[in-house]
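Quick note, the sequences are listed as chains U and E, same order.
So in my numbering, spot 8 of the first sequence is number 8, and the numbers just go up one at a time.
So in my numbering, spot 149 of the second sequence is number 149, and the numbers just go up one at a time.
Just so it is clear, CB atoms sit at the ideal spot from N, CA and C, and this is done for glycine as well.
To start, the structure itself, in structure tokens.
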Amino acid sequence: MSSYQFHAQTNNLTGSPYSVFGLGVQSNSNLAGFSGFGNTGIAYQGKSLINPYNSAALASIQEKSFLFDIGLNAEVSILTDRSDEEPRITSNFSNVAFGFNANGKWGIGFTLTPATNVGYTLIGLQSDIEGSGETFTSNVIGSGGINEIKFDFGHRIFNRLNLGIAAAYLFGSIDESENIRLIDSSLLINEENVYSGFQLGLGMQYNLTEKFTLGATSKFPSVLKGTQNRNVVKSLNTINSLVEDEEDLNIDDFTFPFQFGVGLSTSYFSNLTLNIDYHRKLWDATNQFDAIGKYTDQSIFGIGGEIVPKKNGFKFWQRINYRIGFSYDTGNLEINDTSIEKYKYSLGLGIPMGKGNSMINISYNFINNGVIQGILIEENTHLFNVNLTLSDVWFLKRQYD
Amino acid sequence: MKLFFYLLVAVFLVGSCNQDENQVPTLEIGNEFTDSNVRIIAIDTFEVALSTFKFDSIITSNPERLLVGQYVDTTFGKVSASSYFEMLSLSYSIESEAVLDSVALILGYDNYFYSDTTQTATLQVHRLLDDVKPDDQFFFNSTEIEFEPFPLSVKTYQPEPIDEDSLHVTLPLSFGENLFNAIRDGDINNDEELLQEFKGFMIKGGENDNASVIGYSPEGSETFLRFFYTVMGEFGDEEFIFDFNINGTLGIRNAFNNISSDFTSTGFEGLVDQEIEIQSEDAGNKAYMQSGVGLATKVTFPSIKRITDIPGTGTVISATLQLHPPRGYYSNLLPIRDSLSINIANQNNDFIGPLLINDQPVFGIINTEGTEFNEEFYEIPVGAYVDAKLSELFEVDDSILIYPVQYSESLDRMVLNGENNSNFAAKLILIYAIYDE
């Protein structure tokens, strides 16, 4: 096996064979400490963080503050099928984001995150040579993914109501190479599938009481236009030759569906903040299929809690945020009538840095994905995440010189 | 802040260490999620047209082998091979007291034979009346040089090409003395003077032989005209030898093989011109070849370009031509060889060059394994040819030209099944990969 195949894998953000479907698996990337509490936060309002789930929350960022958020992920996955177990390890950039709120009434955010990730290495696929009793072996390697650049704008309409709008540009390429070997010949196909498209979203947060906030979000369907660059090389009777080198070939577009979410956030229990979220993505309507997989409506339930012993405590440990969360995701893929469900258990810490609101967020997630059934596989992933969330108050006139 | 950067560095390090562990040898989980994106189809239904034609002539100059003999074949008719060659000496001095005892033509077997060596054969040695010089640049299998009609010597013998080293043909003493004495007496001092007296030999099988064709080596150490002589001295007689060899200047021997064939009452009577072909359908669904004589098999794939009718975008990744030599047309006496020479011919059936793969000539290799009834067949990798055919901008009327190896220096014959045989038919097996449907 040549080394370049593995080299391709090292740059991936996932090692999941499920990423062979569609545009890959949904990224585990996240901002701030959200991955510590089950990726909930539709109704969450933080003064010094960029809420990736609801653009309306940006209006609640502390007045005149500037936020910067950068994160890294590392994943250790154990893949299990009926007979084998394999580890996959990946690590990479999670996000970079900027946020700003000038006057406590409107805030903006600018976020770059991976939206989907592709990283599969399928070695030794056996297929029939039609018209003969023989088979051929191929290795298929996929990499790449879709990135999202999102611009959020949140506005406080009145004291209790925030509205937000998000505009995202989705772009990226999914590369797949297939290497077929026969006794005296081979075929190498490199396909670069380039996708891009826009997606608009809306957000709302409403403070029911001082301690209860309601949130709602929606995202409109987005069609990602796809084109393909393809390079085909063969070796025939040991003679290597270029079969094809084409650019901008037509391929099917990919549609992200309409989705909406509702959430509740409460600080009713003194120093505990509790989030409950529900997301629904209407994949059925996109009518998309992929090989043996079919896209189906997806629901995600999440609950997360955050405890700060004493927010303005003088002791360092009193200001640490302790987070815990859980989410259940029905998955958007049905293979052989079985949904690829996902359970996620989160633990996280927010460690304050200095006197301001800057924080290092560390989280650990245990993710159970899929099921060992028929051809399906189970993935147990340990996800480690570090996010640096820097917060600085600008335009603050110094009292003393 | 410092803490953060340490963490950052740590994560990167963890990340980069772990990346090595990606190189786990088994990556098979999830393999069932997807099939290959490529459909690979084996197709053996494209037409394979075989025909037989005869080269007007084959160059037989400077042979590696002298072919002599004659056999009659039920399929191919009567085949005769004769060799013409010039013989010279390395020196032209013999002691004046020398006396010739005998002279003989020693022909060294080179192990090649075809047809029945148990049959008694005749070998006739004729003196040439003209120089062994080509009219043009080359000698051909059809070239003839005038020779004395009455043979200098006729030997009836049982060829032993494997068990014996050489064949000894005694020549008349008078013939030997003429040359020997002239050299001894200083009348012949060099090649030119020898060639005035002695132009060379033509050796052939008997007119009515039905025996075998035997290969003799033209090497000076194997084949020579040997003069055995005695020098009378004070202390008794001493015996010596003096040789002529089939020498040539700059390693090119003035020698060639004439190979003729009598196609009377065979299927090849009509092959009077190179451009005339007999399709396999008109020849018992068979194609024929015979080295030396110049019979060759031509193969074309008339419908190959229809492969583009297969829906989707694809490419040929393997093409193998399978040719079966039918049982009953070869035997221990009339063997087939392990390989076939594969070449390209133009529309006039002229030889263009060998079929090459990476500058190396392609051969058809016999496959004796895995076949039911142990039926042998030749496998010829024709991928490069098919690929070129499919990508040619203009229709090129070329073809694959097949004949036995050592084509100009043997008398092998072979029959191949055409494509219309119910069993063991000629087949083109294409492996076609569709990568975009």
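Run of the alpha helix (DSSP H) containing residue i, from where it starts to where it stops
i: Q124 of chain E; result: No alpha helix (DSSP H) holds Q124 of chain E; the beta strand (DSSP E) holding it covers 121-127.
i: Y385 of chain E; result: 383-391
i: Q137 of chain E; result: Q137 of chain E -> no alpha helix (DSSP H), and no H or E assigned at all.
i: E193 of chain E; result: 191-197
C-alpha gap between residue i and residue j, whole angstroms
i: L179 of chain E; j: D209 of chain E; result: 31 Å
i: V24 of chain E; j: I123 of chain U; result: Unreliable positioning characterises V24 of chain E in this predicted model, as indicated by a pLDDT of 39, which lies under 50. A coordinate reading is not provided.
i: A285 of chain U; j: T255 of chain U; result: 10 Å
i: E148 of chain U; j: D69 of chain U; result: 15 Å
i: T26 of chain E; j: T90 of chain U; result: In this predicted model, T26 of chain E has a pLDDT of only 49, less than 50, meaning its place in the structure is not dependable enough to derive any value.
i: S206 of chain U; j: Y53 of chain U; result: Looking at the sequence provided, one finds Tyr at residue 206 of chain U rather than Ser. Answer to the nearest angstrom: the Cα atoms are 15 Å apart.
i: T143 of chain E; j: S217 of chain E; result: 20 Å
i: L187 of chain U; j: R306 of chain E; result: 22 Å
i: N22 of chain E; j: T34 of chain E; result: In this predicted model, N22 of chain E has a pLDDT of only 44, less than 50, meaning its place in the structure is not dependable enough to derive any value.
i: N257 of chain E; j: L152 of chain E; result: 19 Å
i: H382 of chain U; j: G142 of chain U; result: 22 Å
i: I145 of chain E; j: F175 of chain E; result: 20 Å
i: A59 of chain U; j: E191 of chain U; result: 43 Å
i: A345 of chain E; j: L224 of chain U; result: 54 Å
i: N247 of chain E; j: I214 of chain E; result: 21 Å
i: T116 of chain U; j: G24 of chain U; result: 5 Å
i: S55 of chain U; j: N101 of chain U; result: 12 Å
i: I366 of chain E; j: P172 of chain E; result: 48 Å
i: I380 of chain E; j: G314 of chain E; result: 22 Å
i: K199 of chain E; j: L88 of chain E; result: 9 Å
i: E334 of chain U; j: N103 of chain U; result: 47 Å
i: Y435 of chain E; j: I239 of chain U; result: 19 Å
i: S93 of chain E; j: G186 of chain E; result: 8 Å
i: T227 of chain U; j: L340 of chain E; result: 48 Å
i: I303 of chain U; j: Y44 of chain U; result: 12 Å
i: V96 of chain U; j: T308 of chain E; result: 50 Å
i: L401 of chain E; j: F351 of chain E; result: 8 Å
Within chain E, the residues that residue i reaches when beta carbons sit closer than 9 Å
i: Y405 of chain U; result: Not covered by the structure: residue 405 of chain U. The range shown for chain U is 1 to 401.
i: S65 of chain U; result: Result: empty, since nearest Cβ-Cβ is about 18 Å, beyond 9 Å.
Option nearest residue i by Cα separation, candidates the options
i: F244 of chain E; options: E:N258, E:E219, E:I43; result: E:E219
i: E246 of chain U; options: U:V386, U:I189, U:F260; result: U:I189
i: D253 of chain U; options: U:I276, U:F198, U:N321; result: U:F198
i: F242 of chain E; options: E:G215, E:T264, E:N346, E:A104; result: E:A104
i: T266 of chain U; options: U:L208, U:A56, U:G145, U:E85; result: U:L208
i: V68 of chain E; options: E:Q124, E:A42, E:Q137, E:L428; result: E:Q124
i: A296 of chain E; options: E:I278, E:E192, E:D309; result: E:I278
i: D165 of chain E; options: E:E222, E:V132, E:N181, E:V154; result: E:E222
Continuous beta strand (DSSP E) stretch holding residue i: start and end
i: I189 of chain U; result: 185-207
i: G304 of chain U; result: 298-307
i: I403 of chain U; result: An answer regarding residue 403 of chain U cannot be provided, because it is not within the stretch 1 to 401 covered by chain U.
i: I183 of chain E; result: Element bounds for I183 of chain E: not the beta strand (DSSP E) but the alpha helix (DSSP H), 173-184.
i: N111 of chain E; result: 98-115
i: N294 of chain U; result: Here residue 294 of chain U is Lys; the residue named in the question, Asn, does not match the sequence. K294 of chain U -> beta strand (DSSP E) spans 293-295.
i: A56 of chain U; result: Careful: A56 of chain U lies outside any beta strand (DSSP E) and carries neither H nor E.
Proximal residues of chain E, C-beta to C-beta of residue i below 7 Å
i: T238 of chain U; result: I357, N358
i: V393 of chain U; result: Chain E residues near V393 of chain U: none, gap ~17 Å exceeds 7 Å.
i: P17 of chain U; result: I29, G30, F33
i: D252 of chain U; result: None at all; the shortest Cβ gap to chain E is about 13 Å.
i: Y402 of chain U; result: Nothing in the structure corresponds to residue 402 of chain U, since chain U is present only between 1 and 401.
Proximal chain E residues relative to residue i, where beta-carbon distance stays under 8 Å
i: A291 of chain U; result: F33, T34, D35
i: S218 of chain U; result: Within chain E, no residue comes near S218 of chain U; the closest Cβ sits about 32 Å away, beyond 8 Å.
Proximal residues of chain U, C-beta to C-beta of residue i below 7 Å
i: I43 of chain E; result: G131
i: Y435 of chain E; result: I189, V232
Partner residues on chain U for residue i, Cβ-Cβ distance less than 8 Å
i: P381 of chain E; result: D184, N237
i: I431 of chain E; result: I129, L182, S185
Any non-hydrogen atom of the ligand HEM within 8 Å of residue i CB
i: F198 of chain U; result: Absent from the structure shown: the ligand HEM. Ligands present: none.
Under 9 Å by beta carbon: chain U residues contacting residue i
i: V48 of chain E; result: Correct list: empty, because the minimum Cβ distance to chain U is about 16 Å.
i: V38 of chain E; result: S127, F136, S138, E178, I180, L187, I189
Inter-stretch contact (C-beta, 8 Å, three-pair minimum) for the region 151-166 of chain U and the region 120-134 of chain U: no
Against chain C: residues of the region 295-319 of chain E by CB proximity under 8 Å: Among the protein chains of the structure shown, namely U and E, there is no chain C.
Would you check if there are 3 or more beta carbon pairs closer than 8 Å linking the region 18-26 of chain U to the region 54-70 of chain U? no
Three or more C-beta pairs below 8 Å linking the region 96-116 of chain E and the region 220-230 of chain E: Yes: at least three Cβ pairs fall under 8 Å.
So, does the region 385-398 of chain E touch the region 268-281 of chain E, judging by three or more C-beta pairs under 8 Å? no
Measuring CB atoms only, is the region 316-334 of chain E touching the region 412-422 of chain E, in the sense that at least three cross pairs come out at less than 8 Å? yes
Is the region 230-239 of chain U touching the region 354-364 of chain E, taking contact as three or more C-beta pairs under 8 Å? yes
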